[in-house]
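**Student:**
Protein chains: 2
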Amino acid sequence: MKSQKTTATAEKLIDIAESFFAEKGFYGTSIRDLADGIAIAKSSLLHHYPSKEKLYGAVLKKLAGEMTLEVKYIRKQFTDEKEQIFQFVQLLCNNSEKKPNRENIILRELIDNPKRAEKAKKWFFVDYFKELTGIIKSGQTKGLFKPINPEIFILQLLGAHRYLIISLPTVKQFFDEKIYQQILKDHRTELETFVNERLINEEGV
Amino acid sequence: MKSQKTTATAEKLIDIAESFFAEKGFYGTSIRDLADGIAIAKSSLLHHYPSKEKLYGAVLKKLAGEMTLEVKYIRKQFTDEKEQIFQFVQLLCNNSEKKPNRENIILRELIDNPKRAEKAKKWFFVDYFKELTGIIKSGQTKGLFKPINPEIFILQLLGAHRYLIISLPTVKQFFDEKIYQQILKDHRTELETFVNERLINEEGV
DNA sequence: CACTCTACCGACCGATCGGTAGACAGTCAA
DNA sequence: TTGACTGTCTACCGATCGGTCGGTAGAGTG
């Protein structure tokens, strides 16, 4: 079982790289700091990932894979598209509290990707995005959602959430620390309202 | 008029720094490149702004000042808070087409600010944010807006817009290039709907 | 004329960057 | 036992980083 230790080191690298890239960005993170962070030599890091870019790519790939899986799981678990999109809102909010790194990395990647894309790098979040717009498109054929543009709706929903999340540390000075949890709860409710207003409700009205 | 040439150089520095910081971020931008970009020596750059941090701060300050002024102008120009917030949506959308750098810098700053804030740096967008929430709070006392949390509303509105804008270059591969303008137009309409749903409409229902 | 101030410059600094080379210890198969 | 492979290390590389230094040209001022 020689590969066990190796795998463990590689995974530790991914983990610490995820948090460092999230906090300081690609250019702000040095592979020296990453290696020091898990107490190995820098050249040992480069043994597992032959370049900083490759390591960064591995982090993105793992992150995108996890997120896509989570959405696919929701789509398999619930047949009703309305239920799916509300479950996704819950997933978004819950993950932001459990895994705050994610939003930072995704935002940074969105900003930086256009430059990198010129170097023929693929966008890791394609499947994630297509799963989400797929919910809306599927729901629209069943007459569950209003005839909005699915891509715009998803981007606005993700944006309304992620922007607020990354703003919180900065904006927190305006809030009483005690009502911080209340903010997160109200935000969740507002997101649900946003979704709800784009549903077609056959029974009411 | 000795200061004319100096001012011109300093302004050129601010301009190129704004576009470089927006595109590559703080760590991804070197003061060498900035100096080369306007054909002066690096030491000359450091004559005008004694450090990279100071230059970055000057860019943020100018940007925040402009944006705050724009909002204040809207508030002075229109007395009705409903009109103010709709005008602000127009401002957001128009500026994203005219000055695409802005959204990048603001997003980057929001992500990075918490680290910098530890070094006792102030947040340049305080006034901007307070002007915007001020519109909502003022409108709520007049019974024009639903009793939502003003900070959450503003953050979600800004997020829905800015996230979509910075995503467009990446997501564009999914869109036919010809309908790009239609996307921007639909996005604007959706933002207006988002705002509209949070108004209290005494007449209708 | 002498003095000061501003804008600017090239040369240089120590530190840090991403990445390479080579040695060494442990493991496993032949 | 030997040889190939793996993971790790120290030592080192050229490039680039932000920033300092001493100095110069020119305009303003007395």
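If you're matching them up, the sequences are chains V and G in order. Just so you know, we're using the working numbering here: the first sequence kicks off at 2 and counts up by one. Just so you know, we're using the working numbering here: the second sequence kicks off at 2 and counts up by one. Every residue, glycine too, gets a C-beta built ideally from N, C-alpha and C.
Any idea what DSSP makes of Leu-133(V), helix, strand or coil?
**Tutor:** helix
**Student:** Quick one: grab the DSSP three-state call for Phe-27(V).
**Tutor:** DSSP places Phe-27(V) within a helical segment (H, G or I) once states are collapsed to three.
**Student:** My output table needs one value for Leu-200(G): the three-state DSSP class, helix, strand or coil.
**Tutor:** Three-state DSSP puts Leu-200(G) in a strand.
**Student:** Can you tell me whether DSSP reads Phe-154(V) as helix, strand or coil?
**Tutor:** helix
**Student:** Output, in chain order, the set of chain G residues within a Cβ distance shorter than 8 Å of Asp-34(V).
**Tutor:** The premise fails here: Asp-34(V) is roughly 13 Å from chain G at the closest Cβ pair, so nothing lies under 8 Å.
**Student:** Buried or exposed: which applies to Arg-163(G), given that a residue is buried once 16 or more other Cβ atoms fall within 10 Å of its Cβ?
**Tutor:** buried
**Student:** Where do the ends of the alpha helix (DSSP H) carrying Lys-179(V) lie?
**Tutor:** Here Lys-179(V) belongs to no alpha helix (DSSP H), and DSSP marks it neither H nor E.
**Student:** What in chain V is Cβ-close to Asn-150(G), meaning under 7 Å?
**Tutor:** Asp-187
**Student:** Scan the segment 155–185 of chain G for residues whose Cβ lies nearer than 8 Å to a Cβ of chain V and list them as they occur along the chain.
**Tutor:** Cβ proximity to chain V below 8 Å picks out Leu-156, Gln-157, Leu-158, Leu-159, Gly-160, Ala-161, His-162, Arg-163, Tyr-164, Leu-165, Ile-167, Ser-168, Pro-170, Thr-171, Val-172, Gln-174, Phe-175, Phe-176, Ile-184 from the segment 155–185 of chain G.
**Student:** Got a sec, what are the start and stop residues for the alpha helix (DSSP H) Tyr-74(G) sits in?
**Tutor:** 53–78
**Student:** Between the segment 91–109 of chain V and the segment 40–53 of chain V, do three or more beta carbon pairs fall short of 8 Å?
**Tutor:** no
**Student:** Below 8 Å on C-beta distance, what does Glu-24(G) contact in chain V?
**Tutor:** Lys-116
**Student:** Taking the straight line between their C-alpha atoms, what separation do you get for Phe-154(G) and Gln-182(G)?
**Tutor:** 26 Å
**Student:** Check the Cβ-Cβ distances between Val-206(V) and every residue of chain G, and say whether any is below 8 Å.
**Tutor:** Residue placement at Val-206(V) is flagged as unreliable, the pLDDT there being 44, under the threshold of 50; the coordinate-derived value follows with that caveat. No, no contact with chain G.
**Student:** What are the start and end residues of the alpha helix (DSSP H) that includes Ala-36(G)?
**Tutor:** 32–38
**Student:** Could you tell me whether the Cβ of Tyr-28(G) comes closer than 8 Å to any Cβ of chain V?
**Tutor:** yes
**Student:** So with CB distances below 9 Å, who are the chain G contacts of Phe-21(V)?
**Tutor:** Near Phe-21(V) there are no residues of chain G at all, since even the closest Cβ is about 12 Å away, more than 9 Å.
**Student:** In chain V, which residues lie less than 9 Å from Arg-109(G) when you measure between Cβ atoms?
**Tutor:** One finds Gly-26, Leu-108, Arg-109, Ile-112 in chain V with Cβ atoms closer than 9 Å to the Cβ of Arg-109(G), taken in chain order.
**Student:** Going by DSSP in three states, Phe-146(V) sits in which element: helix, strand or coil?
**Tutor:** strand
**Student:** Which stretch, first to last residue, makes up the alpha helix (DSSP H) that contains Ile-86(V)?
**Tutor:** 82–99
**Student:** In terms of alpha-carbon separation, which member of Leu-35(V), Trp-124(V), Asn-150(V), Lys-123(V) lies closest to Gly-135(V)?
**Tutor:** Asn-150(V)
**Student:** Using a Cβ-Cβ cut-off of 8 Å, state whether His-98(V) counts as contacting chain G.
**Tutor:** Note that residue 98(V) is Glu in the sequence shown, not His. It does not: the Cβ of Glu-98(V) has no partner Cβ on chain G nearer than 8 Å.
**Student:** For the alpha helix (DSSP H) that contains Lys-43(V), what are its first and last residues?
**Tutor:** Residues 43–49.
**Student:** Using a Cβ cut-off of 8 Å, pull out every chain G residue sitting near Ile-153(V), in sequence order please.
**Tutor:** Leu-165, Ile-184, Asp-187, His-188, Glu-191
**Student:** Quick one: does Glu-198(G) have its CB under 8 Å from some CB of chain V?
**Tutor:** yes
**Student:** How long is the line joining the alpha carbons of Gln-91(V) and Thr-194(V), rounded to whole angstroms?
**Tutor:** 13 Å
**Student:** By DSSP, does Phe-21(G) sit in helix, in strand, or in coil?
**Tutor:** helix
**Student:** For a contact meaning CB atoms closer than 8 Å, what does Phe-195(V) contact in chain G?
**Tutor:** In chain order: Gln-157, Phe-195.
**Student:** Mind reading off the beta-carbon distance from Leu-158(G) to Val-196(G)? Whole number of angstroms is fine, and I expect it under 8 Å.
**Tutor:** 7 Å
**Student:** Taking just the CA atoms, how far does Gly-140(G) sit from Leu-169(G)?
**Tutor:** 33 Å
**Student:** Answer with buried or exposed for Asn-114(V), where buried requires no fewer than 16 other C-beta atoms within 10 angstroms of its C-beta.
**Tutor:** buried
**Student:** So, at 8 Å on beta carbons, what are the nonlocal neighbours of Leu-98(G) in its own chain, with the 5 sequence-adjacent residues on each side left out?
**Tutor:** Here the sequence assigns Glu to residue 98(G), which means Leu is not the residue at that position. Contacts found: Leu-185.
**Student:** 8 Å is my cut-off, CB to CB: does Asn-105(V) come that close to chain G?
**Tutor:** Output row for Asn-105(V): interface = yes.
**Student:** Whole angstroms are fine: how far does the CA of Glu-191(G) sit from the CA of Glu-82(V)?
**Tutor:** Their Cα atoms are separated by approximately 21 Å.
**Student:** Could you tell me how far apart the beta carbons of Thr-10(V) and Ile-32(V) are, in whole angstroms, since I believe they sit closer than 8 Å?
**Tutor:** Actually they do not touch by this definition, with Cβ atoms about 14 Å apart.
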